[in-house]
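Engineer: Pasting a structure here, questions to come.
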Amino acid sequence: MKVRIGMGLLLCCALPLQAAEFVLVDTAQGLDVGNWKVSSDSLGIKSKIPFSIEKKRLHGGRQEGVDVIVVDNGTLQMTLVPTRGMGIYEVRGGDLRLGWESPVKEIVNPAFIDLESRGGLGWLDGFNEMLVRCGYEWTGHPGVDDDGRLKSLHGRVQNTPASVVRVTVDETPPYAIHVRGRVDEKTFKFSDLSTWTGVTLVPGEAAFTVEDKLTNQADYDNEYQIIYHGNFGAPLLEEGARISAPVKQISPFNDYARKGLDSWQTYLGPTKGFDEMVFNIVPYSDAKGNTLAVLENRAGNAGVAVDFNVKQLPVLTLWKNTDTLQQGYVTGIEPGTSYAYSTKYQRPLGLVPTIKAGESKHFTLRYQLLRDKGEVQAALDRVKAVQGSQPTELRRDPLVQLPH
Amino acid sequence: MKVRIGMGLLLCCALPLQAAEFVLVDTAQGLDVGNWKVSSDSLGIKSKIPFSIEKKRLHGGRQEGVDVIVVDNGTLQMTLVPTRGMGIYEVRGGDLRLGWESPVKEIVNPAFIDLESRGGLGWLDGFNEMLVRCGYEWTGHPGVDDDGRLKSLHGRVQNTPASVVRVTVDETPPYAIHVRGRVDEKTFKFSDLSTWTGVTLVPGEAAFTVEDKLTNQADYDNEYQIIYHGNFGAPLLEEGARISAPVKQISPFNDYARKGLDSWQTYLGPTKGFDEMVFNIVPYSDAKGNTLAVLENRAGNAGVAVDFNVKQLPVLTLWKNTDTLQQGYVTGIEPGTSYAYSTKYQRPLGLVPTIKAGESKHFTLRYQLLRDKGEVQAALDRVKAVQGSQPTELRRDPLVQLPH
Amino acid sequence: MKVRIGMGLLLCCALPLQAAEFVLVDTAQGLDVGNWKVSSDSLGIKSKIPFSIEKKRLHGGRQEGVDVIVVDNGTLQMTLVPTRGMGIYEVRGGDLRLGWESPVKEIVNPAFIDLESRGGLGWLDGFNEMLVRCGYEWTGHPGVDDDGRLKSLHGRVQNTPASVVRVTVDETPPYAIHVRGRVDEKTFKFSDLSTWTGVTLVPGEAAFTVEDKLTNQADYDNEYQIIYHGNFGAPLLEEGARISAPVKQISPFNDYARKGLDSWQTYLGPTKGFDEMVFNIVPYSDAKGNTLAVLENRAGNAGVAVDFNVKQLPVLTLWKNTDTLQQGYVTGIEPGTSYAYSTKYQRPLGLVPTIKAGESKHFTLRYQLLRDKGEVQAALDRVKAVQGSQPTELRRDPLVQLPH
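Protein chains in written order, with full-length UniProt numbering: chain A, 1 to 404; chain B, 1 to 404; chain C, 1 to 404.
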């Protein structure tokens, strides 16, 4: 492996050469390479499908000083945000786009966000990405926990700049591109979590894999929670779009969502006054725990499949925010350890798991862009295969009776 | 119009050439031009009065990374602060200065401010400008609103960096200089406000105009509030200085201000232990809604006139903070939609107006430096003309009985 | 004196030349010199012991944009942090190190810290330095004060970037190096404190002096508090390490610390589940008020002596955080005006002193690395000399009965 810092300084090499690694950010060295770019050409890689990876700094407004990394694998253009916990802002592929149009247009520097504002809703000041990690100390709606302290909406990791960012390109076919970032949640006496996030794209493929490894570096067990808050708007989301998953139980998050329970699989068009309906899903999985959810457009010729594993992420939140376009017309497909209730409501549900001292937890998700009827149908067939003849319980009552 | 990015890249041009526009910041492009300067000379403009516009970045302390724009129109030197919501730090003109000496000396980067601190008084950590916009989501003292959430002092816009900054210079006499900045208040589910602030100076004139356009980009009506918190200290403010305005009703903000009601028009010198007295004023206006307030020094040979329109800004807060010099000896002349009570107290007064979905609200103010007895007298005559023979009600009781 | 800005611009000079001064940061000029270095060589100083002073900017994670100054006096390498209130991150000297290993590894930019988070414990997100100033507006545990406002843990000064940073090198033997930084705590209506911090190192000496001058620039008296939170981990701290001080009274901070009272002078090794024990000490002093505390390792051949003056800092907090290494194995030797209770508990104890309008308070501390048995013994002898035959009261009950 060749390890290079920044623009290509060769640090070491070993035979056989199998990957080129670039360190773009490393707090241990106080290093940030600044604007930076490599491509299959510049690397001398003979990929049939040219690719490139670029890091650049944004300016202006509340995005001042934010770094993004744009990976173009020849088929997809993915924008990652090291400054925001290695979140994925968007993924473009041909006419399709994974992502959505939030009223929040800038990619907001956490320096300008106060998570405690609006009673713990400050996270909403920067919410506009396709993939937001909601964790890992806690997740869910803000609430005063049993210790008397406010836990703000969806935790802190997405508003934490990555401490290390590395790009690795395999030097053997299919020349996979890996962008890894370490995001630390460290607070003396409270938290010593370190997460190696990882995204892998293979040149030419209309899919990518997220592989994260959360480690509790403390000498004490601790609670943790994570929701992989994947968000999809137009063009996939539209009136008549559908969501499919192998469902063991689905229930409304709150009283308002009760009336949407029977039609949970279909989406409305942009609907003024709709606000949001949220559903809590216990998915079925195959013998290995693998399962998926599929969003398809009305014509059934475009969509996205989200694969995950219930041993890692046992529950699925479905967020249907089919309000107006300007308000943020979007649906969330959100595998997680937990639902979106505040922590004190999830603990009795058994959805605030423990990570032991020194333990690591792995989370693997795969997002596949479905670009024609065949690909959509293949994904739906996978859903059916997992569901089989097993029944779906439509539970009418929310799991938690929230105070009014 | 010629549109140039930064140091002068010509993007397009049309005949006849009428203005040169420079884009200094644009988040849509991720652009910030950095340090930058133009002058009438460098633009090849044959103005009899040379002028210049300069953008520069400040460093050190809590002002690290703050950008200021200094406009010198030959008569006034105005310092604008894009990083702080396009606020105006100060305006100097000969021996006079619009502005004041706050104990807060640095122009503070919002990254270092937590508006929620001290029970919602964090805004005070950065308060030192001549013109502060207090809005637009809400204004006034901090308080827990009816929704159970704390609204921090005077809203968030002044602590929001501008997303777009443009400088335009008319290429025909009188070669007016326009500095426009767009400041966005965007929070998913809560706010989708975008304000184009604008300041215009004409070379040689001892006056400037503020023209702001607030747009609710949401598909829903929302509340809004704004106070144009204009602040003036020495040398205009001194013992015996006077404030004049056509007043329909004036009342003390709270019990403490009751005893200052009768002498509301005159100022004390720096007075230890005075703290502040605040008065709520309903101004008279002319048939078009135009009105003004005039601050003059003791000799009546220097002052400032603040013109505004009651159709846009129906009420006027007068803030007399004639405490010691070091404490911040200053008076606020503050046209607004609202007084300085917290939101829940203003709603019953009808002072929390609505901005409809897609609606824009315009706010135009003019600040004129009065440099001799003649200019002062002319402004006072305008006050008298609006007041005419209409009576002034001195209301003894505050509009709101605040809890002790 | 020669005064130079940044890389050596000569501003003025006077005969005889006695010191070279460099202005590295000055908010009044909007100045930051960026990366910068001088050495005895580059200064043409004929010191037998070469020395250097370097300023550099860190990148990545939550340390993005943090500046550090590394002073190498030939014997010690000290890392100062202007961005964090001129705190001292660590001091290395041969095999020894003053400092500790916090789970928080980065030197965190205050822009990424919200002191109000976790109920006022946000300070813990950045706590990892050898010397943290806890003040000056208030100190101690978070708590809602009598005014109804939350005072966050240990005040704000350590999370305030320095407004002015100056390096001075004496040009006559022993060529002392002075790093001075002004840190302002300024909030309109609340605080107008300005502190000139100062650190002096003499080339070749294994000791340094902290000389701070706090000035209340307001026209009003105000409360103030300060704890010099000096923190020491391995290798000095280990099982069997000892703390010595001339003690008039020592009492447990809370009920948990009661059981550690009798063994207050000795340390456990890293102990899972220990958490922390805190003791409140009233030290004896000599006729001038001078006193000290000495930490020594088990073998008694290495340690640190902390000298202070009880007229400035009348009480001493001893913090024994002998939990596991990963949790942050550390002891705090913390001379202060106050203990670590929240403000409302300290006021009845008389430990919330007043600083008058315009008054300055001086705080001088000296930290000496003890590198052999002789140096340790000499320091212990100084402790004994102050203690003499005076008794030590072991008070069993905490001074404050905290609510459960």
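Glycine is no exception: its CB is placed at the ideal position from the N, C-alpha and C atoms.
How would you label P403 of chain A, buried or exposed, when you count the other beta carbons within 10 angstroms and need 16 or more for buried?
Structural biologist: If you number the first sequence from 1, residue 403 of chain A lands on position 403. The residue in question, P403 of chain A, is exposed, as its Cβ has fewer than 16 Cβ neighbours within 10 Å.
Engineer: Just confirm the distance between the C-beta atoms of V144 of chain C and L150 of chain C, as a whole number of angstroms; I'd bet it's less than 8 Å.
Structural biologist: Taking the third sequence and counting its residues from 1, one reaches residue 144 of chain C at position 144. Taking the third sequence and counting its residues from 1, one reaches residue 150 of chain C at position 150. That belief holds up - the Cβ atoms of V144 of chain C and L150 of chain C are roughly 5 Å apart, short of 8 Å.
Engineer: Report yes or no: do the stretch 55 to 69 of chain B and the stretch 33 to 45 of chain B share at least 3 C-beta pairs separated by less than 8 Å?
Structural biologist: The stretch 55 to 69 of chain B is in contact with the stretch 33 to 45 of chain B.
Engineer: Assuming R84 of chain C and N159 of chain C are in contact, meaning their beta carbons sit under 8 Å apart, how far apart are those beta carbons, in whole angstroms?
Structural biologist: For the purposes of this step, residue 84 of chain C is taken as residue 84 along the third sequence, with counting starting at 1. For the purposes of this step, residue 159 of chain C is taken as residue 159 along the third sequence, with counting starting at 1. Correct: roughly 7 Å between the Cβ atoms.
Engineer: Apply the 10 Å Cβ neighbour rule to P173 of chain C and answer buried if 16 or more other Cβ atoms are within range, or exposed otherwise.
Structural biologist: The count along the third sequence starts at 1 and reaches residue 173 of chain C at position 173. Exposed is the call here.
Engineer: Return no unless some Cβ of chain A is closer than 7 Å to the Cβ of T187 of chain B.
Structural biologist: Within the second sequence, the letter at position 187 stands for residue 187 of chain B. Closer than 7 Å: yes.
Engineer: Let me know the alpha helix (DSSP H) ranges lying completely inside the stretch 100 to 157 of chain A, each 4 residues or longer, listed in chain order.
Structural biologist: Listed in chain order, they are 117 to 120.
Engineer: Note down, in chain order, every chain B residue with its Cβ under 8 Å from the Cβ of L31 of chain C.
Structural biologist: As a position in the third sequence, residue 31 of chain C is number 31, starting the count at 1. Within 8 Å Cβ-Cβ: H59, G60.
Engineer: Hey, would you say Q18 of chain C sits closer than 7 Å to E171 of chain C, going by beta carbons?
Structural biologist: Within the third sequence, residue 18 of chain C is the residue found at index 18, counting from 1. Within the third sequence, residue 171 of chain C is the residue found at index 171, counting from 1. Their beta carbons are under 7 Å apart, which means Q18 of chain C touches E171 of chain C by this criterion.
Engineer: Any Cβ of chain A within less than 7 Å of the Cβ of V25 of chain B?
Structural biologist: One-based indexing of the second sequence puts residue 25 of chain B at position 25. Yes, V25 of chain B counts as interfacial toward chain A.
Engineer: What does DSSP give as the partner residues of Y367 of chain A in its beta bridges?
Structural biologist: Counting from 1 along the first sequence, the entry for residue 367 of chain A is found at position 367. Paired residue(s): A:F208, A:V306.
Engineer: From the DSSP output, read off the bridge partner residues of M277 of chain C.
Structural biologist: Sequence index remark: in the third sequence, residue 277 of chain C carries index 277 (1-based). For M277 of chain C, which the question treats as bridged, DSSP gives the partners C:K320.
Engineer: On the three-pair Cβ rule with 8 Å, is the stretch 268 to 283 of chain A touching the stretch 321 to 334 of chain A?
Structural biologist: Yes: at least three Cβ pairs fall under 8 Å.
Engineer: Closest to D192 of chain B by CA distance: which of A:Y339, A:G126, A:L214, A:T215 is it?
Structural biologist: By one-based count along the second sequence, residue 192 of chain B stands at place 192. When only C-alpha atoms are compared, the closest one is A:G126.
Engineer: Taking the alpha carbon of N309 of chain A as the reference point, which residue from A:S389, A:A299, A:G99, A:A293 has its own alpha carbon closest?
Structural biologist: Position 309 of the first sequence holds residue 309 of chain A. Here the closest residue by C-alpha is A:A293.
Engineer: Classify D146 of chain A: buried if its beta carbon has 16 or more other beta carbons within 10 angstroms, exposed otherwise.
Structural biologist: For this step, residue 146 of chain A is matched to residue 146 along the first sequence. Exposed: under 16 other Cβ atoms inside 10 Å.
Engineer: Give the DSSP bridge partners of Y228 of chain B, in chain order.
Structural biologist: Sequence index remark: in the second sequence, residue 228 of chain B carries index 228 (1-based). Y228 of chain B is bridged to B:R133.
Engineer: In chain B, which residues lie with their C-beta within 7 Å of the C-beta of S163 of chain C?
Structural biologist: One-based indexing of the third sequence puts residue 163 of chain C at position 163. The answer, in chain order, is G60, G61, E106.
Engineer: With DSSP as the reference, identify every bridge partner of H362 of chain A, one or two as the case may be.
Structural biologist: Taking the first sequence and counting its residues from 1, the one referred to as residue 362 of chain A is at position 362. In DSSP, H362 of chain A forms a bridge with A:K213.
Engineer: Going along the chain, which residues of its own chain have a beta-carbon closer than 8 Å to the beta-carbon of T354 of chain A, five neighbours each way excluded?
Structural biologist: Indexing the first sequence from 1 puts residue 354 of chain A at position 354. Around T354 of chain A: D221, N222, E223, Y224.
Engineer: Which same chain residues, not among the five before or five after I5 of chain C, have their C-beta less than 6 Å away from its C-beta?
Structural biologist: Position 5 of the third sequence, counting from 1, holds the residue named residue 5 of chain C. Bear in mind that a pLDDT of 46 at I5 of chain C, under 50, signals an unreliable position, so the number given afterwards is only what the model happens to contain. Closer than 6 Å at Cβ, skipping near neighbours: V23.
Engineer: Reducing DSSP to helix, strand and coil, say where R396 of chain C ends up.
Structural biologist: As a first step, residue 396 of chain C must be located in the third sequence, where it is residue number 396. In this structure, R396 of chain C counts as coil in the three-state DSSP scheme.
Engineer: To test your reading of the DSSP string, which unbroken beta strand (DSSP E) runs of 3 or more residues are found completely within the stretch 23 to 56 of chain A?
Structural biologist: Within the stretch 23 to 56 of chain A, the complete beta strand (DSSP E) runs of at least 3 residues are 36 to 39.
Engineer: Mapping the DSSP letters down to three states, classify V386 of chain C as helix, strand or coil.
Structural biologist: Mapped onto the third sequence, residue 386 of chain C falls at position 386. In the structure shown, V386 of chain C sits in a helix (DSSP, three-state: H, G or I).
Engineer: Going by DSSP in three states, P252 of chain A sits in which element: helix, strand or coil?
Structural biologist: Your numbering for residue 252 of chain A matches position 252 in the first sequence. If DSSP states are grouped into helix, strand and coil, P252 of chain A belongs with the strands.
Engineer: Would you tell me roughly how many angstroms separate the C-alpha atoms of W196 of chain B and R182 of chain B, rounded to the nearest one?
Structural biologist: Translated into positions along the second sequence, residue 196 of chain B becomes position 196. Translated into positions along the second sequence, residue 182 of chain B becomes position 182. Their backbone Cα atoms lie some 4 Å apart in a straight line.
Engineer: According to DSSP, is E185 of chain B part of a helix, a strand, or is it coil?
Structural biologist: What you label residue 185 of chain B is simply residue 185 of the second sequence in a count that begins at 1. Three-state DSSP puts E185 of chain B in a strand.
Engineer: Could you tell me which residues DSSP puts in a beta bridge with P203 of chain A?
Structural biologist: Locating residue 203 of chain A in the first sequence gives position 203, where the first residue counts as 1. P203 of chain A is not bridged to any residue.
Engineer: Going along chain B in order, which residues have a C-beta closer than 7 Å to the C-beta of F127 of chain A?
Structural biologist: Mapped onto the first sequence, residue 127 of chain A falls at position 127. Result: F188.
Engineer: Round the Cβ separation of residue 406 of chain B and R395 of chain B to the nearest angstrom and send it over; I've been treating them as touching at under 8 Å.
Structural biologist: Missing from the structure shown is residue 406 of chain B; chain B here goes from 1 to 404 and no further.
Engineer: Does DSSP put P174 of chain C in a helix, a strand or coil?
Structural biologist: Sequence index remark: in the third sequence, residue 174 of chain C carries index 174 (1-based). Correct three-state label for P174 of chain C: coil.
Engineer: Assess contact between the stretch 287 to 306 of chain C and the stretch 226 to 243 of chain C, defined as three or more Cβ pairs (one per stretch) separated by less than 8 Å. Is contact present?
Structural biologist: The stretch 287 to 306 of chain C vs the stretch 226 to 243 of chain C: in contact.
Engineer: So, do the stretch 380 to 395 of chain C and the stretch 242 to 259 of chain C have three or more beta carbon pairs nearer to each other than 8 Å?
Structural biologist: Output reads yes: the stretch 242 to 259 of chain C touches the stretch 380 to 395 of chain C.
Engineer: Tell me whether N159 of chain C sits in a helix, a strand or coil according to DSSP, three-state version.
Structural biologist: Here residue 159 of chain C refers to the residue found at position 159 when the third sequence is read from its first residue. Helix, per DSSP.
Engineer: Compare the C-beta of V3 of chain B with all C-beta atoms of chain A and state if any pair is closer than 7 Å.
Structural biologist: Along the second sequence, read from residue 1 onward, the residue named residue 3 of chain B stands at position 3. With a pLDDT of 47 at V3 of chain B, under the threshold of 50, the modelled position of this residue cannot be trusted; read the value that follows with caution. Output row for V3 of chain B: interface = no.
Engineer: Any contact of the stretch 126 to 139 of chain A with the stretch 91 to 106 of chain A, i.e. 3+ C-beta pairs under 8 Å?
Structural biologist: With a cut-off of 8 Å, the stretch 91 to 106 of chain A and the stretch 126 to 139 of chain A count as touching, because enough Cβ pairs lie within range.
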